[in-house]
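Data block below; observations after.
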Amino acid sequence: MKWTHANIPDQHGRVAVITGANSGIGLEAARELAGKGATVVLACRTESKALAAMADIRTSYPDARLEFHALDLASQKKVRASAAALKARHPRIDLLINNAGVMWLEQGLTEDGFEQQFGTNHLGHFTFTLLLRDCFAHVEGARVVSVSSLAHRGGRIHFDNPTLAGEYGRHKAYCQSKLANLMFALELNRHLAADGAKAISVACHPGGSNTNLVEPGIASQARFGFGTLTRFFWGMFTQSASKGALPTLYAATAPSVGGGDYYGPDGPFEAIGYPKPAFIRRYASDTELGAKFWALSEQLTGMNWTTK
Ligand SMILES: NC(=O)c1ccc[n+]([C@@H]2O[C@H](COP(=O)([O-])OP(=O)(O)OC[C@H]3O[C@@H](n4cnc5c(N)ncnc54)[C@H](OP(=O)(O)O)[C@@H]3O)[C@@H](O)[C@H]2O)c1
307 MKWTHANIPD QHGRVAVITG ANSGIGLEAA RELAGKGATV VLACRTESKA
357 LAAMADIRTS YPDARLEFHA LDLASQKKVR ASAAALKARH PRIDLLINNA
407 GVMWLEQGLT EDGFEQQFGT NHLGHFTFTL LLRDCFAHVE GARVVSVSSL
457 AHRGGRIHFD NPTLAGEYGR HKAYCQSKLA NLMFALELNR HLAADGAKAI
507 SVACHPGGSN TNLVEPGIAS QARFGFGTLT RFFWGMFTQS ASKGALPTLY
557 AATAPSVGGG DYYGPDGPFE AIGYPKPAFI RRYASDTELG AKFWALSEQL
607 TGMNWTTK
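In the working numbering, each residue's number is its place in the sequence shown (first place is 1) plus 306.
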């Protein structure tokens, strides 16, 4: 039997923090978790968009418990401030869904000098998660869910050149960042397990889903007159954001999920469909590479798991 929104267990009394919850997969995950009774914190960079998303969710679930929390993952300083404020407000977090992401951006650096996609999609979440660790690590049933992508299969971590200076490609940078999300999820689970934590870390991907993620790609295609065509094909071959959110919701709530699991759609090429265990490339699950990647993330962000 296919797992759908109807299978999400009751979430009353639980606090779910979702990054990038104003749009696409994050919005649909927020809607369904709120519908099942969770208090959902929409951790977003633009308050007006988060408020509009909250109004939208309330059209589905008028009694939804929703909060906006400011978070800009492209700035380590803002991530740190955001985590400190969130910790003060919610000392217990049951679900942290690291969902926010950008794709196919033109070459550029964050204010910290990181390549934008790697800096936002991975390093922002890395710092945010480590700073919130005390809120979830020892909570029974707590989970950290990282949203990766089929694109993880095409990437590698450029350990000596993570900014891709002199070799930038928008797809290359996106693939590196989504591989990073998956490697982070797996390595975080190893760290939590080694600490004897109650929380687990899992990952998922939405296949191809019709969201705003593709907009930078459409903008670049538009320069060559292909913008409308790209939008048309993206809409035609992808599933709805609501269906794309199912692997996230499964990873976050299904009782059978274990630490280090990875879920995606069950259709052809894992592009569309209902949640099932997804393919993890050997590069992503390699423990030596995972440890090296964790050390790189610590070095770049100045974070440290052992001292916190
Ligand atoms: N859609 C797909 O086919 C697909 C496939 C594979 C993986 N994914 C992954 O799914 C996740 C969700 O993407 P989506 O498809 O739902 O795209 P989306 O509709 O564009 O949503 C992305 C969300 O991330 C937020 N975000 C971007 N930069 C941010 C920053 N610096 N700080 C905080 N939030 C930021 C966006 O905020 P704004 O609205 O303010 O920009 C938005 O809320 C991403 O991790 C993406 O890589 C998607």
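We put the beta carbon where it would ideally sit given N, CA and C, even for glycine.
For residue 588, the number of other beta carbons within 10 angstroms of its own is below 16, and it is reported as exposed.
Note on residue 462: under 16 other CB atoms within 10 angstroms of its CB, so exposed under the neighbour-count rule. Listed in chain order, the beta strand (DSSP E) elements of length 3 or more contained wholly in the region 556-582 are 568-571. Bounds of the beta strand (DSSP E) holding residue 449 are 449-453. The straight-line gap separating the alpha-carbon atoms of residue 596 and residue 386 is approximately 24 Å. Runs of the beta strand (DSSP E) spanning 3 or more residues and lying entirely within the region 340-419 occur at 345-350, 371-376 and 401-404, in chain order. Two segments are said to touch when three or more pairs of C-beta atoms, one from each, lie closer than 8 Å; by this definition the region 415-435 does not touch the region 366-375.
Residue pairing by DSSP puts residue 515 in a beta bridge opposite 545. In the DSSP assignment, residue 331 forms no beta bridge with any residue. In the DSSP annotation of this structure, the continuous segment of the alpha helix (DSSP H) that includes residue 479 starts and ends at 476-500. If you ignore the 5 residues before and after residue 573, its C-beta comes within less than 6 Å of the C-beta of 579, all in its own chain and listed in chain order.
As DSSP reads the structure, residue 441 sits in no beta bridge. The nearest non-hydrogen atom of ligand 1 is 7 Å or more from the C-beta of residue 463. In the DSSP assignment, residue 457 falls outside any beta strand (DSSP E), carrying neither H nor E.
Beta-bridge partners assigned by DSSP to residue 520: none are found. With contact defined as three or more Cβ pairs closer than 8 Å, the region 485-492 and the region 531-548 are not in contact. Look at residue 511: its beta carbon is less than 7 Å from one of the heavy atoms in ligand 1.
For residue 505, the three-state secondary structure derived from DSSP is coil. Taking C-alpha positions only, residue 393 is separated from residue 482 by approximately 30 Å. At least one heavy atom of ligand 1 is found less than 7 Å from the C-beta of residue 409. Around the C-beta of residue 535, fewer than 16 other C-beta atoms lie within 10 Å, and the residue is accordingly described as exposed. Taking every protein chain shown into account, the CB of residue 334 has 16 or more other CB atoms within 10 angstroms, so this residue is buried. If you ignore the 5 residues before and after residue 504, its C-beta comes within less than 8 Å of the C-beta of 443, 444, 445, 446, 447 and 448, all in its own chain and listed in chain order. Relative to the non-hydrogen atoms of ligand 1, the Cβ of residue 481 never comes closer than 7 Å to any of them.
Taking the CA atoms as reference points, residue 467 sits about 18 Å from residue 590. Beyond the five residues adjoining it in sequence on each side, residue 352 comes within less than 8 Å, by CB distance, of 328 in the same chain, given in chain order.
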